[in-house]
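**Q**
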Amino acid sequence: MATYNKRGYKAPKPEEAKVENEFEEVVDVQDSTTAEVFDALDEKASRTEEWVAKNQKVLLAIVGAIAIGTLGYLLYNRFIVEPKEEKAANEIFQAQQYFQQAVDATEKNDSLYNLALKGGEGKLGFIGVAEQYAGTSAGNLANYHAGMAYLNLGDFKSAITYLEKFKSNDAILNPLALGAIGDALAETNKIDDAIVYYKKAAEANNNDFTTPRFLLKAAQLSLAAGKKAEAHALFVEIKEKFETSKEGLNIDAFIAMTE
Numbered sequence: 076m077a078t079y080n081k082r083g084y085k086a087p088k089p090e091e092a093k094v095e096n097e098f099e100e101v102v103d104v105q106d107s108t109t110a111e112v113f114d115a116l117d118e119k120a121s122r123t124e125e126w127v128a129k130n131q132k133v134l135l136a137i138v139g140a141i142a143i144g145t146l147g148y149l150l151y152n153r154f155i156v157e158p159k160e161e162k163a164a165n166e167i168f169q170a171q172q173y174f175q176q177a178v179d180a181t182e183k184n185d186s187l188y189n190l191a192l193k194g195g196e197g198k199l200g201f202i203g204v205a206e207q208y209a210g211t212s213a214g215n216l217a218n219y220h221a222g223m224a225y226l227n228l229g230d231f232k233s234a235i236t237y238l239e240k241f242k243s244n245d246a247i248l249n250p251l252a253l254g255a256i257g258d259a260l261a262e263t264n265k266i267d268d269a270i271v272y273y274k275k276a277a278e279a280n281n282n283d284f285t286t287p288r289f290l291l292k293a294a295q296l297s298l299a300a301g302k303k304a305e306a307h308a309l310f311v312e313i314k315e316k317f318e319t320s321k322e323g324l325n326i327d328a329f330i331a332m333t334e
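Its first residue numbered 76, the sequence shown is counted upward by one per residue in the working numbering.
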């Protein structure tokens with residue numbers, strides 16, 4: 076028996092073929108976009124290559140300068156800085172011995188402090204080391220010791236001069252140097268400046284040794300100068316933060332004096 080299609084009826088297109096066509100269109104778009112990206116990258120790469128080619132001499136000069144600078148720095152440290160540091164350490168040793176003997180002496184010994192400053196037994200003193208080996212660790216340390224020696228000799232102006240030259244982040248030496256400047260200023264009756272330096276010394280490094288020590292000095296000097304409220308605040312700070320320290324033993328009596 077013959078079969079007839081209804082009038083106007085069209086057989087639907089297979090779904091798979093339609094999907095395939097759509098996929099092909101997406102792929103074509105992606106391929107086109109990818110091609111454009113690679114073309115742009117190629118163009119940028121070409122421009123970079125052209126720029127490098129034009130500036131090759133300049134680039135080589137920069138690289139060469141950096142290499143020479145690095146090599147020069149390494150050679151300078153190896154053959155100049157390190158030997159200078161070693162010589163400075165050898166020179167300062169004898170001065171340090173004199174200084175320690177003066178500190179340990181049961182009586183004030185100005186002659187030992189002077190030997191520490193000016194040198195002896197064929198070695199430089201702190202003054203010479205500070206001058207001839209400036210920029211070295213030993214030269215910097217010589218400034219500290221020279222300042223301390225002058226402080227013990229009563230030459231407060233020279234003490235301040237050398238102590239101000241000393242630069243360090245050491246937790247103990249830095250506060251001690253600042254506090255020693257405060258001592259020298261106090262001895263020359265520069266009370267306000269001395270208090271400032273005592274506070275700087277207390278704040279330089281927060282520890283149980285130098286901080287309460289210089290807080291107490293600042294407080295006592297403030298009290299002597301009639302700055303009762305300022306002294307009270309400093310005494311209270313010692314009680315609250317460093318009551319178990321040596322400076323905190325009689326702190327209640329100081330607080331009572333300022334209330």
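Yeah, the Cβ is synthetic: ideal placement off N, Cα and C, and Gly gets one too.
Just so you know, these numbers come straight off a predicted model, no measurement behind them.
1. How is the alpha helix (DSSP H) around G222 delimited, first residue to last?
2. Give me the Cβ distance between Q169 and E196, rounded to the nearest whole Å; I'm assuming they're in contact under 8 Å.
3. Is K275 near L253, with beta carbons less than 8 Å apart?
4. What does L199 pair with, by DSSP beta-bridge criteria?
5. Does the Cβ of M223 have 16 or more other Cβ atoms within 10 Å, making it buried, or fewer, making it exposed?
6. At the level of alpha carbons, what is the spacing between F154 and N249?
7. Name the residue from A293, E278, A177 and L324 whose alpha carbon lies nearest to the alpha carbon of I247.
8. Are there 16 or more other CB atoms within 10 angstroms of the CB of L199, so buried, or fewer, so exposed?
9. Output needed for K314: all residues of its chain with C-beta closer than 8 Å, excluding positions within five of it in sequence on either side, in chain order.
10. Which residue spans inside the segment 257-309 form an unbroken beta strand (DSSP E) run of at least 3?
11. My guess is that I270 and A299 are in contact by the Cβ rule of under 8 Å, so how many angstroms apart are they, rounded?
12. In chain order, what residues of the same chain have a beta carbon less than 8 Å from the beta carbon of A213, not counting five sequence neighbours either side?
13. Would you kindly work out how many angstroms separate the C-alpha atoms of K183 and Q176, rounded to a whole number?
**A** Let's see:
1. S212 to L228
2. 6 Å
3. Against a cut-off of 8 Å, the Cβ pair of L253 and K275 comes out as a contact.
4. G194
5. buried
6. Residue confidence for F154 is low, a pLDDT of 41 falling below 50, so the modelled location carries little weight; the figure read from the coordinates is stated next. Roughly 30 Å between the two C-alpha positions.
7. E278
8. buried
9. The answer, listed in chain order, is G323, I326, D327 and I330.
10. Counting only runs of 3 or more, we get nothing.
11. Contact doesn't hold; Cβ gap of about 10 Å is too wide.
12. Once the five neighbours on either side are set aside, the close Cβ partners of A213 are E160, A163, A164, E166, I167 and V204.
13. Cα to Cα, the separation comes out at about 10 Å.
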